[in-house]
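Chains as they are written, first to last, in our numbering: chain A, 128 to 361; chain B, 719 to 968.
Positions of the beta carbon are idealized from the N, C-alpha and C atoms, including for glycine.
Computed from a predicted model, the values in this text were never measured in an experiment.
Notes follow once the structure below has been shown.
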Amino acid sequence: MDLIWRGLARGVKLLLSGDPEIYEIAFLTLRVSGLATLVSLVLGVPAGLFLAVRKFRFRRALVGAVNTAMGLPPTVVGLWVAIFLWRSGPLGALGLMYTPTAIVIAQVLIATPVVTGFTMASVQQLDPKLPRQILALGASPLQFWWLVIRECRFGLLAAVMAGFGAVISEVGASMAVGGNVRHHTRVLTTAIVLEVNKGNFDVALALSFILMTLAYAVTFALTVVQQRKRRYVT
Amino acid sequence: MARAANPRDQVAAGDAREIIAGSDIRVVRQGKEILVVPNIAVREGEVVAVIGPNGAGKSTLLAVLACLDFPERGRVFFRGTEVTKRNVVEIRRRMSVVFQEPLLLDGTVLENVELGLRLRGVRDGPRARAVEWIRRFGLTGKEGQAVHTLSGGEAQRVALARAFVLNPEVLFLDEPFSSLDSIARQELLRDFRRIIRDTGVTAVLVTHDFLEVRLLATRVLVLSRGRIEAEGTPESISNDPLWGRLAGLH
Ligand SMILES: Nc1ncnc2c1ncn2[C@@H]1O[C@H](COP(=O)(O)OP(=O)(O)OP(=O)(O)O)[C@@H](O)[C@H]1O
Ligand SMILES: [Mg+2]
């Protein structure tokens with residue numbers, strides 16, 4: 128019990144002292160996971176919409192694959208990205224191993240199935256006859272997709288939250304392809320693991336506060352948007 | 719656009735009056751032929767009722783004529799032009815469809831009624847036109863109301879206003895009144911009949927209701943197991959008890 132209180136007190140002190148290394152780690156985390164979430168939205172939202180609305184031959188197999196991929200262990204993703212980026216690997220020439228870009232790539236692979244899955248689920252909550260009514264109203268293909276997105280915008284916000292939540296909290300992939308290099312690829316989760324291993328629980332606690340605050344702040348902001356719009360629009 | 723006294727006069731007028739026509743249509747689902755229609759045409763000013771038992775293929779036929787589905791075989795023509803993937807949006811913009819459920823989009827009554835005009839890029843007072851149709855369907859005062867707070871009957875009126883505001887050359891209706899309770903349905907049917915008379919709109923109406931056939935239709939098609947089994951006037955259909963049973967009418 129004592130350990131927790133002491134850790135808490137020192138953690139808060141560390142935060143308030145404005146320790147530059149802690150803030151550097153926090154900003155890198157936000158940058159990497161934010162960018163990964165953005166890219167996964169660009170890939171996952173259209174994929175989810177397409178899988179939910181269009182009927183085609185391998186649709187079922189693809190939906191199954193997405194659902195499976197939603198549960199991919201980040202460590203396994205990290206392993207495969209590492210194999211590709213390794214100096215002698217297929218993409219080794221790019222020299223991306225142990226860079227923030229490598230972490231972004233791995234996190235995109237983690238978040239995209241999550242975003243795709245949530246997007247599919249949110250479209251499937253619409254009345255299945257609605258897409259046809261939208262076409263009957265004379266929508267062009269572009270207008271069609273725009274209206275479908277607008278109809279399930281709250282579900283899509285959930286997709287953003289889930290995607291971001293998945294990558295900001297993962298440690299396995301960041302460790303495998305980032306390597307937790309100080310001042311370069313150290314993110315909050317890998318830093319916490321390191322400090323715990325060293326027995327520096329106070330620093331670990333301080334970092335964990337920041338991690339939770341970041342994760343919570345983004346989710347909270349999106350929830351506010353979601354709830355406020357609901358009051359007026361629906 | 720006034721309706722001719724006798725719709726058969728229009729039949730005689732021939733192709734120029736055909737708004738939508740189909741030839742050699744065949745729709746297959748899971749290896750089964752669910753619609754086989756060698757020939758069908760809807761002419762200007764007609765209200766064609768499509769009746770038939772559940773699963774007869776009525777909705778399937780409507781979707782093909784409304785250019786929402788492309789049949790496996792056969793061709794559909796809009797005013798003599800074959801409907802293709804290339805021109806289908808253009809052609810859909812000259813028609814309207816109302817389904818059994820209102821299928822409104824998140825937003826207000828006014829936003830829903832305006833939507834089709836906005837999709838067409840109509841600059842010329844979509845709001846005024848929408849407000850006018852909201853009035854004609856008895857919803858004045860509800861323009862700003864969120865559609866999820868409407869009753870079922872009100873929502874269906876919005877769906878009808880949203881269809882009529884587009885001034886469609888042909889209106890497709892798939893059991894538009896069947897999910898309403900009998901009072902709401904009678905009221906709406908009365909308003910709808912007046913509006914259909916006033917506008918002289920050409921329409922295809924799928925229904926199970928004999929009253930709707932008698933009140934609205936100028937011609938009746940009886941569909942059964944994917945085929946047009948009979949065709950006639952509301953009178954000839956009502957005089958034939960066999961057709962009534964076949965059609966699953968109430
Ligand atoms: N996607 C599909 N896959 C398999 N069968 C289908 C499909 N769509 C329609 N059918 C079948 O085609 C037949 C005609 O369906 P349709 O919806 O056109 O009937 P309907 O006349 O509108 O019936 P109801 O009066 O119940 O609305 C039905 O037997 C239906 O089961
Ligand atoms: Mg039907």
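Starting from residue i and walking both ways along the alpha helix (DSSP H), at which residues does that stretch end?
| i | result |
| --- | --- |
| E762 (chain B) | From DSSP, E762 (chain B) is part of no alpha helix (DSSP H); its letter is neither H nor E. |
| A318 (chain A) | 315-325 |
| L779 (chain B) | 776-783 |
| N954 (chain B) | According to the sequence provided, residue 954 (chain B) is Ser. The question's Asn does not apply to it. It spans 952-956 - the alpha helix (DSSP H) in which S954 (chain B) sits, taken as one unbroken run. |
| V806 (chain B) | 806-810 |
| N194 (chain A) | 186-196 |
| F882 (chain B) | 870-882 |
| P255 (chain A) | Where P255 (chain A) is concerned, there is no enclosing alpha helix (DSSP H), given that its DSSP letter is neither H nor E. |
| L928 (chain B) | Per the sequence presented here, residue 928 (chain B) reads as Phe, with Leu not at that position. Looking at the DSSP string, the run of the alpha helix (DSSP H) that includes F928 (chain B) is 928-934. |
| L274 (chain A) | 268-278 |
Report the partner residues of residue i according to the DSSP bridge assignment.
| i | result |
| --- | --- |
| F245 (chain A) | None; F245 (chain A) has no bridge partner. |
| I946 (chain B) | B:L941 |
| I743 (chain B) | B:V755 |
| L923 (chain B) | B:A767, B:L891 |
| A864 (chain B) | B:T826 |
| T1034 (chain B) | For residue 1034 (chain B) there is no data in the structure shown, the boundaries of chain B being 719 and 968. |
Does DSSP put residue i in a helix, a strand or coil?
| i | result |
| --- | --- |
| G216 (chain A) | coil |
| G171 (chain A) | helix |
| M128 (chain A) | coil |
| G792 (chain B) | strand |
| S897 (chain B) | coil |
| E297 (chain A) | coil |
| E751 (chain B) | strand |
| D824 (chain B) | coil |
| E736 (chain B) | strand |
| M719 (chain B) | Because M719 (chain B) sits at a pLDDT of 41, beneath the cut-off of 50, its placement in the model cannot be relied upon, and the point is left open. |
| D146 (chain A) | coil |
| T858 (chain B) | coil |
| G773 (chain B) | coil |
| Y343 (chain A) | helix |
| R309 (chain A) | coil |
| R847 (chain B) | helix |
| F183 (chain A) | coil |
| T226 (chain A) | coil |
| D787 (chain B) | coil |
| E151 (chain A) | helix |
| L833 (chain B) | helix |
| E905 (chain B) | helix |
| V287 (chain A) | helix |
| V208 (chain A) | helix |
| R838 (chain B) | coil |
| G265 (chain A) | coil |
| G292 (chain A) | helix |
| P200 (chain A) | coil |
| D727 (chain B) | Because the pLDDT of D727 (chain B) is 44, which lies under 50, any placement of that residue in the model is unreliable, and the question is left without a value. |
| P886 (chain B) | coil |
Looking at the secondary structure, which residues open and close the beta strand (DSSP E) in which residue i lies?
| i | result |
| --- | --- |
| V940 (chain B) | 937-942 |
| V815 (chain B) | 813-816 |
On the premise that residue j lies in contact with residue i, defined as a C-beta separation below 8 Å, what is that separation, rounded to the nearest angstrom?
| i | j | result |
| --- | --- | --- |
| V250 (chain A) | L176 (chain A) | 6 Å |
| A209 (chain A) | A303 (chain A) | 5 Å |
| V768 (chain B) | L941 (chain B) | 6 Å |
| A739 (chain B) | I758 (chain B) | 7 Å |
| V190 (chain A) | L178 (chain A) | 6 Å |
| M288 (chain A) | T243 (chain A) | The Cβ separation is near 15 Å, so there is no contact. |
| V883 (chain B) | V831 (chain B) | 6 Å |
| Q863 (chain B) | T826 (chain B) | 6 Å |
| L284 (chain A) | L341 (chain A) | That belief does not hold up - the Cβ atoms of L284 (chain A) and L341 (chain A) are roughly 17 Å apart, past 8 Å. |
| Y225 (chain A) | T312 (chain A) | 6 Å |
| V888 (chain B) | T920 (chain B) | 5 Å |
Against chain E, with Cβ distances strictly below 8 Å, would residue i count as a contact?
| i | result |
| --- | --- |
| L264 (chain A) | In summary, chain E is missing from the structure at hand, where the protein chains are A and B. |
(request) Can you list the residues near ligand 2, meaning Cβ strictly closer than 7 Å to any non-hydrogen atom, in the order they appear in the chain? (result) B:K776, B:S777, B:D892, B:E893, B:V924
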